[in-house]
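J.: Before anything else, here's the structure in question.
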Amino acid sequence: MLVSGKELFQAAKQGGYAVGAFNVNNMEIIQAIIEAAEEEKSPVFLQASQGGIKYAGIEYIAGLAKTAAEKATVPVALNLDHGTSFTQVVQCIRHGFSAVMIDGSQHPYEDNIAITQKVIEVAHPCGVSVEAELGKIGGVEDDIKVESADATFTDPKEAAEFVERTKVDALAIAIGTAHGVYKGEPKLDFDRLAEITAATDVPLVLHGASGVGDESIRKAVSLGICKINIDTELRQAFTKAVQEVVHTSPKEFDPRKLLGPAREAMKEVVRYKMRLFGSAGRA
Numbered sequence: 054m055l056v057s058g059k060e061l062f063q064a065a066k067q068g069g070y071a072v073g074a075f076n077v078n079n080m081e082i083i084q085a086i087i088e089a090a091e092e093e094k095s096p097v098f099l100q101a102s103q104g105g106i107k108y109a110g111i112e113y114i115a116g117l118a119k120t121a122a123e124k125a126t127v128p129v130a131l132n133l134d135h136g137t138s139f140t141q142v143v144q145c146i147r148h149g150f151s152a153v154m155i156d157g158s159q160h161p162y163e164d165n166i167a168i169t170q171k172v173i174e175v176a177h178p179c180g181v182s183v184e185a186e187l188g189k190i191g192g193v194e195d196d197i198k199v200e201s202a203d204a205t206f207t208d209p210k211e212a213a214e215f216v217e218r219t220k221v222d223a224l225a226i227a228i229g230t231a232h233g234v235y236k237g238e239p240k241l242d243f244d245r246l247a248e249i250t251a252a253t254d255v256p257l258v259l260h261g262a263s264g265v266g267d268e269s270i271r272k273a274v275s276l277g278i279c280k281i282n283i284d285t286e287l288r289q290a291f292t293k294a295v296q297e298v299v300h301t302s303p304k305e306f307d308p309r310k311l312l313g314p315a316r317e318a319m320k321e322v323v324r325y326k327m328r329l330f331g332s333a334g335r336a
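Be aware that the sequence shown starts at 54, since it is given in this note's numbering, and climbs by one per residue.
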């Protein structure tokens with residue numbers, strides 16, 4: 054069933070677990086995520102980035118995701134990941150997204166607040182949740198690139214003011230993760246996370262979680278992280294499975310024989326993450 058992201062956020066915060074948010078680009082990825090959610094009895098976020106929407110087209114992404122959500126017996130939210138313009142947010146709401154993220158972290162603090170407030174004025178009356186970002190998370194997320202030198206951690210005092218002024222449903226914070234592939238395991242600033250949790254009392258979101266160690270994930274969840282974004286590990290599982298088929302059966306030309314194993318590989322990644330995040334059995 055398709056639900057507002059706010060429903061998933063609130064249940065996760067009250068239950069002390071995190072909901073996985075998995076990026077989608079095609080049918081097989083959506084199927085893998087939903088099948089895992091059904092089998093694990095876990096709530097889940099399907100989310101599309103600007104790059105995903107550009108690749109598949111918003112009609113296809115929304116159509117596939119809404120069909121999957123409506124057929125599912127577990128709660129599913131369809132989220133815009135890292136939206137950077139008001140126009141794009143409105144377009145996603147019109148196409149049935151039940152959650153949006155407006156990423157104003159590239160702008161000065163006051164401008165970030167202003168664009169977040171503008172999005173909330175439109176989204177909340179439609180029953181659509183809004184996630185914002187404070188601090189700059191390093192790495193590359195489709196069209197968004199933040200050099201490591203420009204990445205900045207979230208300030209707890211600023212976070213408290215930001216949440217109070219915007220009334221945002223969830224806040225993505227920068228505590229040491231990055232988008233993309235890590236060269237080594239990242240070190241998360243757990244003291245900062247604890248301070249932000251104490252100062253805000255709002256569901257917090259961890260981006261760039263692919264490649265973060267299991268113990269770090271568990272600790273982050275225990276300190277207030279309620280939504281965790283995974284994209285890179287799905288891509289890696291997809292690519293590895295396809296490469297294995299091509300290597301063992303180089304004359305294979307049936308897309309189903311290539312994409313089927315990739316779907317199963319991604320499904321196992323999603324299942325593992327749901328158990329790790331504590332969302333399994335929470336639907």
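Every residue gets a Cβ at the ideal spot worked out from N, C-alpha and C, and that includes glycine.
In this text the structure is predicted, and so the values were computed from the model without any measurement.
1) Which residues mark the beginning and the end of the beta strand (DSSP E) in which Met154 is found?
2) Between which two residues does the beta strand (DSSP E) containing Val129 stretch?
3) Give me the Cα-Cα distance between Pro128 and Leu246, rounded to the nearest whole angstrom.
4) Could you have a look at Ile197 and say whether DSSP puts it in helix, strand or coil?
5) In its own chain, which residues sit with a C-beta less than 6 Å from the C-beta of Ala121, not counting the 5 before and 5 after it?
6) Judging by CA-CA distance, which residue of His135, Leu55, Gly104 is the nearest neighbour of Gly116?
7) Determine the closest residue to Gly313 out of Gly58, Val295, Gly264, with distance taken between C-alpha atoms.
8) For Leu187, which of Ala167, Val175, Val181 has the nearest alpha-carbon?
9) I'd like the list of long-range same chain contacts for Glu248, defined as Cβ closer than 6 Å, with 5 residues on each side in sequence excluded.
10) With DSSP as the reference, label Tyr235 as helix, strand or coil.
11) By the three-class DSSP mapping on this structure, what secondary structure does Gln159 have?
12) Nearest to Glu93 by CA position, among Glu81, Gly110, Gly73, is which residue?
13) Quick one: residues in its chain with C-beta nearer than 8 Å to the C-beta of Leu329, no 5 flanking neighbours on either side, listed in chain order?
14) Pick out whichever of Glu214, Thr207, Val221 has its Cα sitting closest to the Cα of Asp244.
15) Going by DSSP in three states, Ser269 sits in which element: helix, strand or coil?
16) How many Å lie between Gln67 and Glu305 at the Cα?
17) First and last residue of the beta strand (DSSP E) that includes Glu184?
18) In whole angstroms, what separates the C-alpha of Thr292 from that of Ala152?
19) What three-state label does DSSP hand Val56 in the structure shown?
20) Taking the alpha carbon of Asn132 as the reference point, which residue from Gly180, Asp242, Ala273 has its own alpha carbon closest?
21) Thr140 and Ala185 look like a contact to me (Cβ under 8 Å); what is the Cβ gap, rounded to whole Å?
22) Would you list the residues sitting across from Gly337 in a DSSP beta bridge?
T.: According to the structure shown:
1) 152-155
2) 129-136
3) 27 Å
4) Any reading at Ile197 needs caution, since the residue's pLDDT is 49, under 50, leaving its predicted position unreliable; the model's value is listed next. DSSP places Ile197 in strand when its eight states are reduced to three.
5) Ile83, Ile87
6) Leu55
7) Val295
8) Ala167
9) Pro209
10) Confidence in Tyr235 is poor, its pLDDT being 46 and thus under 50, which makes the residue's placement too unreliable to answer from.
11) coil
12) Gly73
13) Asp267, Ile270, Arg271
14) Thr207
15) helix
16) 49 Å
17) 182-187
18) 28 Å
19) coil
20) Gly180
21) Rounded, the Cβ-Cβ distance is 17 Å, inconsistent with contact.
22) What is shown of the chain runs 54 to 336, which leaves residue 337 out entirely.
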